[in-house]
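Numbering (this note's numbering), first residue to last: 49 to 320.
For every residue, glycine included, the Cβ atom is placed at its ideal position computed from N, Cα and C.
Computed from a predicted model, the values in this text were never measured in an experiment.
Data first, discussion second: the structure below is written as structure tokens.
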């Protein structure tokens, strides 16, 4: 991590604050700590989750049932009842126009001769594929992000996978090249500022999604899990890498000590 000092250029931070509604007069009254606190407040409320790029009102789920579309969908389903793969593809595509509940209702009401268990299984698989396709589209649009930012943002959308309306609106937003470039530029700036100006704890907290899943950390977590069953994988992933290294060394040292104690005990009491 880079050393923080008073010689750091605050111009990028001041420019960021002014783009987010703060006046030059307001900023000029603040010392370096005040500027950093204001920046951190803004990034935590806006930048970290990127919700300010989206119009939250767009995410209200609206049933878009149209009789012509329903008729076309039902016909395709009826024509391909015997071909599960094609049927699944038809249902997956239907999620572009209808909600999960709408598709489930249409299938349930019109597939009288198909078991409910089969309908539910096909629905689950098709919906999962639909979600993965949406996430893949978002991923492709964000692949130029720094890896730390990419992991954080994709982790956020992975948790929102059931809100397909949000994912679809995000894809539309990212299709606007100017908007997408704004996101990329801000992400690069944010990473630079968090690394150079903020405490290590802030960096670790902000990019936990990335830091907890690096190959190096996962390998170390795997080694510790192989040495002891005292901790869960999730618990170990949340521990800083340096502390994990120390923990591993202590566990190995304790195991060696236990082995020596056992040998000494056996030597003293061979029949024990």
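| task | Give the single residue among 270, 282, 253 and 265 whose Cα lies nearest to the Cα of residue 290. | result | Closest by alpha carbon: 265.
| field | Limits of the alpha helix (DSSP H) - the one that residue 288 falls within | value | First-last for residue 288: undefined, no H or E at that position.
| Whole-angstrom C-beta distance between residue 214 and residue 189, which should lie under 8 angstroms | 15 angstroms between Cβ atoms; not a contact.
| field | Cβ-based burial, residue 249 [other Cβ within 10 Å; buried from 16] | value | Exposed: under 16 other Cβ atoms inside 10 Å.
| So, using beta-carbon positions, are residue 200 and residue 127 closer together than 8 angstroms? | It is not a contact, given that the beta carbons lie outside the stated cut-off.
| message | Check whether the region 203-210 and the region 234-245 are in contact - that is, three or more C-beta pairs closer than 8 angstroms. | response | No, the region 203-210 is not in contact with the region 234-245.
| With residue 167 and residue 135 assumed to form a contact (beta carbons below 8 angstroms), what rounded beta-carbon distance in angstroms separates them? | For a cut-off of 8 angstroms, the C-beta gap from residue 167 to residue 135 is around 10 angstroms, too long to register as a contact.
| request: Return the residue from the list 133, 186 and 137 that minimises the CA-CA distance to residue 121. | output: Nearest in C-alpha terms to residue 121, of all of 133, 186 and 137, is 137.
| query | Can you list the alpha helix (DSSP H) stretches of 4 or more residues lying completely in the region 123-147, in chain order? | reply | Every unbroken stretch of the alpha helix (DSSP H) spanning 4 or more residues and falling wholly within the region 123-147 is given here in chain order: 132-142.
| field | Test item: CB-CB of residue 300 and residue 284 under 8 angstroms | value | Contact: no.
| query | In the structure shown, what three-state DSSP assignment does residue 209 receive? | reply | If DSSP states are grouped into helix, strand and coil, residue 209 belongs with coil.
| How many whole angstroms separate the CB atoms of residue 235 and residue 183, which I take to be in contact at a CB cut-off of 8 angstroms? | Their Cβ separation, rounded to whole angstroms, is 18 angstroms, which puts residue 235 and residue 183 out of contact at 8 angstroms.
| message | Checking 8 angstroms against the spacing of the C-beta atoms, do residue 148 and residue 196 come in under that value? | response | Going by C-beta atoms, residue 148 is not nearer than 8 angstroms to residue 196.
| Hey, how far is the Cα of residue 294 from the Cα of residue 287? | Their Cα atoms are separated by approximately 11 angstroms.
| Got a sec? Which residues, its chain only, sit under 6 angstroms from residue 155 by beta carbon, not counting five neighbours each side? | Answer for residue 155: 167, listed in chain order.
| said: Out of 180, 303 and 143, which one is the CA nearest neighbour of residue 272? | reply: For residue 272, the closest of 180, 303 and 143 by C-alpha to C-alpha distance is 303.
| For residue 158, does the count of other Cβ atoms within 10 angstroms reach 16, so buried, or fall short, so exposed? | Within 10 angstroms of the beta-carbon of residue 158 lie fewer than 16 other beta-carbons, which makes it exposed.
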